[in-house]
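Down below is the structure, laid out as structure tokens.
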Amino acid sequence: GERRLLTFTGVNKLLSVEMLNDYKDEILKADWIHLAGVNEEIAHMIASIKENWSWDPGLLSIDQGLNKETLEKAKILFFNEIEYAKVPKNIKKELNLVVLKKGKNGAEIRVKDVKMYESKGIVVSSIDSTGAGDIFDAVFLHAYLTRNFSLNTALMSANIAGALSTTKIGAQNGAVDWCTIESEVFRYEGST
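Using the numbering used here, you'd call the opening residue of the sequence shown number 52 and step up by one each time.
Structure follows, in structure tokens:
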């Protein structure tokens with residue numbers, strides 16, 4: 052079948068560097084800032100004031116052009132395979148930590164464009180992938196930064212959560228709780 056997705060940037064379109072400057076103190080107080088679906092100008096502004104931040108630029112930002120310096124300053128970058136293929140090879144070799152989402156084929160972590168960890172695809176009866184990437188990002192960051200999981204276990208947790216989120220219609224309906232994620236991680240780790 053053919054896949055079509057209509058997107059609406061919504062409030063992200065209203066976000067501006069000027070607006071963020073009004074909240075600079077709050078941004079600086081945050082332990083971590085994650086950006087998704089924002090343009091490069093916003094990411095560059097965050098990179099200039101914040102050390103601990105991550106970014107999932109999305110296809111629209113990539114197609115508009117990315118600044119090498121901004122990408123290099125991100126502690127963690129999230130891409131899907133199509134997006135990552137558009138990043139120039141010379142830039143890939145400079146990126147600190149890339150989490151590459153490969154849908155039904157799993158996910159991997161790359162450092163300086165070298166694969167470090169891989170999580171195989173999780174077999175589920177997928178009916179709607181809306182929001183799966185956002186859930187993946189959130190679970191990875193929470194597992195790694197808050198729960199202090201290893202990169203490999205955080206990757207597996209995110210991969211499981213992303214896969215399970217596709218089994219129901221709508222992003223929120225597919226989100227699973229931590230008990231489910233942890234029991235699935237235990238089950239998968241025990242089977243390898």
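Cβ coordinates follow ideal geometry from the N, Cα and C atoms, glycine included.
By Cβ distance, which residues of its chain are closer than 7 Å to residue i, with the 5 residues on each side in sequence left out?
| i | result |
| --- | --- |
| I271 | Since the displayed the chain opens at 52 and closes at 243, residue 271 lies outside it and no answer follows. |
| N118 | E91 and H95 |
| R55 | At R55, the pLDDT of 46 sits below 50, so the modelled position is not reliable; the number obtained from the coordinates is stated separately. Same-chain partners within the cutoff: there are none. |
| E53 | Bear in mind that the predicted position of E53 carries a pLDDT of just 43, short of 50, making it unreliable; the figure below should be weighed with that in mind. Nothing meets the Cβ criterion. |
| I232 | V190, S208, I211 and A212 |
Since residue i and residue j are thought to touch, with beta carbons under 8 Å apart, how far apart are those beta carbons, to the nearest angstrom?
| i | j | result |
| --- | --- | --- |
| D107 | A87 | 4 Å |
| I127 | L148 | 5 Å |
| D179 | G116 | So it is not a contact: roughly 31 Å between Cβ atoms. |
| K101 | I84 | 5 Å |
| S216 | G225 | 4 Å |
Identify, in the order they occur along the chain, each residue of the same chain with its Cβ nearer than 8 Å to the Cβ of residue i, setting aside the five sequence neighbours on each side.
| i | result |
| --- | --- |
| I93 | L66, S67, V68, L71 and L86 |
| F200 | A194 and S208 |
| K140 | D164 |
| E145 | K119, L122, E123 and K163 |
| D228 | none |
| I78 | L71, I84, I97, I100 and K101 |
Whole angstroms is fine: what's the gap from residue i's alpha carbon to residue j's?
| i | j | result |
| --- | --- | --- |
| M167 | K143 | 14 Å |
| Y239 | S176 | 17 Å |
| N131 | W104 | 19 Å |
| Q223 | A158 | 21 Å |
| N246 | V150 | Any property of residue 246 remains undetermined from this structure, which presents the chain solely from 52 to 243. |
| V89 | S112 | 7 Å |
| T218 | F187 | 14 Å |
| L136 | S170 | The question names Leu, but residue 136 is Ala in the sequence shown. Cα to Cα, the separation comes out at about 19 Å. |
| V162 | D76 | 31 Å |
| D73 | D82 | 18 Å |
| E134 | I160 | 15 Å |
| K80 | V236 | 32 Å |
| T197 | A189 | 11 Å |
| C230 | V138 | 36 Å |
Only counting the same chain, and skipping five residues up and downstream in sequence, which positions put a Cβ closer than 6 Å to that of residue i?
| i | result |
| --- | --- |
| L57 | Legend: pLDDT at L57 = 49, less than 50; position of this residue unreliable, no value from coordinates given. |
| A205 | F191, A194 and Y195 |
| A98 | T121 and K124 |
| F129 | D107, V150 and D188 |
At a Cβ threshold of 8 Å, is residue i touching chain C?
| i | result |
| --- | --- |
| T204 | Judged by its chain identifiers, the structure shown contains no chain C, having just a single protein chain. |
**Q.** At least three beta-carbon pairs within less than 8 Å, the region 147 to 159 to the region 176 to 195
**A.** Touching, yes, given that three or more Cβ pairs across the two stretches are closer than 8 Å.
### Task
Ignoring anything shorter than 3 residues or poking outside the region 158 to 200, list the beta strand (DSSP E) runs there in chain order.
For the region 158 to 200, whole beta strand (DSSP E) runs of length 3 or above, ordered along the chain, are 158 to 162 and 165 to 170.
* Entirely within the region 94 to 120 and at least 3 residues each: give me those beta strand (DSSP E) ranges in chain order. => 104 to 107
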